[in-house]
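J.: Numbering (UniProt numbering), first residue to last: 1 to 384.
Don't be surprised by glycine CBs; every beta carbon is placed ideally from N, CA and C.
All values derive from a computational prediction rather than experimental measurement.
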Ligand code: SF4
Ligand code: SF4
C-alpha cells in the first residue's frame with residue numbers, strides 16, 4: 001500500500017450542521033476567511049474539519065481518469081474529446097465550464113530532477129541487482145539490462161518478459177540532439193476552493209456559497225449568468241457554459257446544453273461529501289496524485305513530501321497555494337509542483353481580487369461624507 005493509505009477509506013467524517021446567523025462586519029464583508037476557518041466564518045455552527053485536495057504532481061501519469069470521473073459523476077458535457085490540440089497530447093486545453101478537472105501536459109527540454117534519463121524511472125535498484133550499473137543500463141538496451149538482471153540471484157523475482165515492444169533511449173538515435181533532455185510535467189488542475197474566494201465575494205445573487213466543509217459551490221438554479229465571478233477568480237477557474245439554452249416554456253427542436261449560460265466549476269463533489277464519499281476524481285486517480293482529506297493533515301503531508309523530494313535532489317519541488325499567509329489565504333486545493341508555477345500556467349502570486357474592496361469602500365464612504373458636508377455648507381450658506 002502507498003504511504004498515503006487507501007483512498008477507498010478516506011471518509012469525510014463530517015457531521016451535518018446548519019448555517020447560523022453569523023454576521024460579518026464591514027472589514028470582513030468581502031473576505032470569506034476567518035480565524036476558525038472559512039466555514040465557521042460563513043456562519044456554520046460547529047462545522048466538520050475543512051476538506052480539500054493535495055495534488056502531488058510528481059506522481060501524476062497524465063491518464064486523465066480524474067477528468068473522466070468528474071464528467072461521469074457530475075454529468076458535465078463533453079468538450080473536445082476527439083480533438084488533440086496540437087501543442088501536446090491534450091484534448092481539453094484548460095479548466096472551464098465543462099472541464100472541472102484538467103490535466104496539464106507540459107513538455108520541457110529539461111532532464112527530470114537529478115535523474116539521468118526518464119528511462120530509469122520505475123526500475124528499482126532491487127530489480128536491477130547489484131551487478132547491473134545504471135551506466136550499463138542507460139548505454140545499452142534497457143530491456144537487455146533488465147533481462148540480464150533477471151539472472152539467478154539478481155533479485156529479479158516477479159519480472160516476466162511480456163513480449164512488449166522494445167524501444168531505445170532518445171540518445172540512441174544519431175540525430176537525437178536536445179531530445180535527450182526532455183521531461184513531461186503533468187498536473188491535474190482544479191478549483192482551489194480558496195479561503196478568500198473572489199468568486200464568492202462578488203456574486204450578487206448568493207448562487208455561490210461556502211459549504212460546511214469550507215468548499216465553494218455554485219447553485220445552478222440561483223445563478224443568473226452575470227459573470228461577475230468569472231472576473232473575480234484570480235486563477236481563471238470559473239466560467240459560464242456555452243451552448244443553446246433550454247426554453248423556459250415548451251420544447252425546442254434544437255439540441256440544448258445543460259446549464260448553458262450558468263457559471264460552472266468543481267463543487268469538490270459536495271453531494272458525495274454529504275454522503276461521506278471521497279470526491280469522484282480522487283477516487284479514480286490510480287496513483288494517488290490527487291489526495292483528498294482534512295486540509296490541515298494534507299498540509300503536513302505535503303510539507304513532508306516536498307522535503308523528501310528536495311532531499312532526493314529535486315530542488316525545484318515546491319508547494320503552490322497552500323500558504324495561509326498567501327494572497328488567497330491558503331487554498332483548500334493546493335499542489336506540489338516540480339517547477340515554477342508559471343511553467344504550469346498558474347499565476348505565480350495569486351491575490352484575491354476583492355482584497356482592496358474594504359479599503360475602497362471606506363474611501364468611497366469618506367468621499368460621500370465629504371460631498372454631503374460640502375452640499376450642506378453650500379445649502380446653509382445660500383440661505384443666509
Ligand atoms: S479558484 Fe476561483 S472559482 Fe475556485 S474558489 Fe477560488 S476564486 Fe472561486
Ligand atoms: S471534486 Fe468532484 S466536481 Fe471537483 S473536480 Fe473532482 S470530481 Fe469534479
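1. Using a 10 Å radius around the Cβ and a threshold of 16 neighbouring Cβ atoms, would you call residue 102 buried or exposed?
2. Quick test of the definition: if touching needs 3 or more C-beta pairs under 8 Å, does the segment 94–101 touch the segment 254–269?
3. Let me know the secondary structure DSSP gives residue 296 once reduced to three states.
4. Sort 262, 274 and 187 by Cα distance to residue 212 and report the nearest one.
5. Measure the C-alpha to C-alpha separation of residue 376 and residue 47 and round it to an integer number of angstroms.
6. Could you check whether the Cβ of residue 259 sits closer than 7 Å to any heavy atom belonging to ligand 3?
7. Indicate whether residue 187 and residue 335 have their beta-carbon atoms separated by less than 8 Å.
8. What's the call for residue 445, buried or exposed, on a 16-neighbour Cβ count within 10 Å?
9. Going by the C-beta, is residue 379 closer than 7 Å to any heavy atom of ligand 1?
10. Would you kindly report the start and end of the unbroken beta strand (DSSP E) that includes residue 386?
11. When you compare each of 326, 352 and 318 to residue 340 by their alpha carbons, which one comes out closest?
12. Return the Cβ separation of residue 277 and residue 53 in integer angstroms, given the expectation that the two are a contact with Cβ distance under 8 Å.
13. Just to confirm, does residue 102 get its C-beta within under 7 Å of one of the non-hydrogen atoms of ligand 1?
14. May I ask you to check if the CB of residue 295 is nearer than 7 Å to at least one heavy atom of ligand 1?
15. Using DSSP's beta-bridge definition, name the partner residues of residue 51.
16. Using 10 angstroms around the beta-carbon of residue 67, count the other beta-carbons present and answer buried if the total reaches 16, otherwise exposed.
17. Consult DSSP for residue 186 and reduce its assignment to one of helix, strand or coil.
18. Among 289, 241 and 345, which has the Cα closest to the Cα of residue 302?
19. Counting Cβ pairs closer than 8 Å, one from the segment 353–370 and one from the segment 193–210, do we hit at least three?
20. Taking the CB atoms as reference points, tell me whether residue 263 and residue 256 lie closer together than 8 Å.
21. Have a look at residue 372 and residue 259 and give me their C-alpha separation to the nearest angstrom.
22. Helix, strand or coil: which one does DSSP assign to residue 106?
23. Which one or two residues does DSSP pair with residue 76 in a beta bridge?
24. Only counting the same chain, and skipping five residues up and downstream in sequence, which positions put a Cβ closer than 8 Å to that of residue 227?
25. Who does residue 319 pair with in a DSSP beta bridge?
26. Quick one: what's residue 239 bridged to in DSSP?
27. Which residues bound the beta strand (DSSP E) around residue 84?
28. Are there any heavy atoms of ligand 1 lying less than 7 Å away from the beta-carbon of residue 216, as far as the coordinates show?
29. For residue 191, which of 235, 37 and 378 has the nearest alpha-carbon?
30. What residue does the alpha helix (DSSP H) around residue 200 start on, and which one ends it?
31. Less than 7 Å separating the Cβ of residue 223 from some heavy atom of ligand 2?
32. Can you tell me where the alpha helix (DSSP H) holding residue 230 begins and where it ends?
33. Buried or exposed for residue 210, going by 16 or more other Cβ atoms inside 10 Å?
T.: Inspection of the coordinates gives the following:
1. Your numbering for residue 102 matches position 102 in the chain shown. Under a 10 Å Cβ-count criterion, residue 102 is classified as buried, with 16 or more other Cβ atoms of the shown protein chains found around its own Cβ.
2. Contact check between the segment 94–101 and the segment 254–269: three or more CB pairs, one atom from each, fall below 8 Å, which counts as touching.
3. Taking the first residue of the chain shown as position 1, residue 296 is located at position 296. Residue 296: helix per DSSP, three-state reduction.
4. As a first step, residue 212 is located in the chain shown; it is residue number 212 there, counting from the start. With distances taken between Cα atoms, residue 212 lies closest to 274.
5. Your numbering for residue 376 matches position 376 in the chain shown. Your numbering for residue 47 matches position 47 in the chain shown. Distance between the alpha carbons of residue 376 and residue 47 is about 49 Å.
6. As presented, the structure is devoid of ligand 3, carrying ligand 1 and ligand 2 as its sole ligands.
7. If you number the chain shown from 1, residue 187 lands on position 187. If you number the chain shown from 1, residue 335 lands on position 335. Note that the C-beta distance between residue 187 and residue 335 is below 8 Å.
8. With the chain represented from 1 up to 384, any question about residue 445 goes unanswered, as that position is not in the structure.
9. Residue numbering aside, residue 379 sits at position 379 when the chain shown is read from its first letter. No.
10. No statement about residue 386 is possible, as the shown extent of the chain runs from 1 to 384 and does not include it.
11. Locating residue 340 in the chain shown gives position 340, counting from the first residue. The option with the nearest alpha carbon to residue 340 is 318.
12. As a working mapping, residue 277 is identified with position 277 in the chain shown. As a working mapping, residue 53 is identified with position 53 in the chain shown. In this structure, residue 277 and residue 53 do not form a Cβ contact; the two beta carbons are roughly 15 Å apart against a cut-off of 8 Å.
13. Translated into the one-based positions of the chain shown, residue 102 becomes position 102. Within 7 Å of the C-beta of residue 102 there is not a single heavy atom belonging to ligand 1.
14. The residue given as residue 295 occupies position 295 in the chain shown. Result no, Cβ not under 7 Å from ligand 1.
15. For the purposes of this step, residue 51 is identified with residue 51 of the chain shown, where counting begins at 1. 294, per the DSSP bridge assignment.
16. As a position in the chain shown, residue 67 is number 67, starting the count at 1. Classified as buried, residue 67 has 16 or more neighbouring CB atoms from the shown chains inside 10 Å of its CB.
17. One-based indexing of the chain shown puts residue 186 at position 186. Three-state result, residue 186: strand.
18. Residue 302 sits at position 302 when you count from the first residue of the chain shown. Just measuring C-alpha positions, the residue of 289, 241 and 345 sitting nearest residue 302 is 289.
19. They touch, by the three-pair rule.
20. Taking the first residue of the chain shown as 1, we reach residue 263 at position 263. Taking the first residue of the chain shown as 1, we reach residue 256 at position 256. In this structure, residue 263 keeps its C-beta atom at 8 Å or more from the C-beta atom of residue 256.
21. Numbered from 1 along the chain shown, position 372 holds the residue referred to as residue 372. Numbered from 1 along the chain shown, position 259 holds the residue referred to as residue 259. So the alpha carbons of these two residues sit roughly 45 Å apart.
22. By 1-based counting over the chain shown, the position of residue 106 is 106. The answer is strand: DSSP assigns residue 106 an E or B state.
23. In the chain shown, residue 76 corresponds to position 76, counting from 1. Per DSSP, residue 76 has no beta-bridge partner at all.
24. On the chain shown, residue 227 is found 227 positions in, with the first residue counted as 1. Cβ neighbours of residue 227 beyond the five flanking positions: 240 and 263.
25. On the chain shown, residue 319 is found 319 positions in, with the first residue counted as 1. According to DSSP, which records beta bridges pairwise, residue 319 is partnered with 336.
26. As a first step, residue 239 is located in the chain shown; it is residue number 239 there, counting from the start. Looking at the DSSP output, residue 239 sits in a beta bridge with 264.
27. Here residue 84 refers to the residue found at position 84 of the chain shown. It is not in any beta strand (DSSP E) - residue 84 carries neither H nor E in the DSSP assignment.
28. By one-based count along the chain shown, residue 216 stands at place 216. Yes, since a heavy atom of ligand 1 falls inside the 7 Å radius drawn around the Cβ of residue 216.
29. Here the question's residue 191 lines up with position 191 in the chain shown. Distance from the Cα of residue 191 is smallest, within the candidate group 235, 37 and 378, for 235.
30. Position 200 of the chain shown, counted from the first residue, corresponds to residue 200. Per DSSP, residue 200 belongs to the alpha helix (DSSP H) from 198–202.
31. Looking up residue 223 in the chain shown gives position 223. Result no, Cβ not under 7 Å from ligand 2.
32. For this step, residue 230 is matched to residue 230 along the chain shown. 228–232 is the extent of the alpha helix (DSSP H) around residue 230.
33. By one-based count along the chain shown, residue 210 stands at place 210. Within a 10 Å sphere around the beta-carbon of residue 210 sit 16 or more other beta-carbons, which makes this residue buried.
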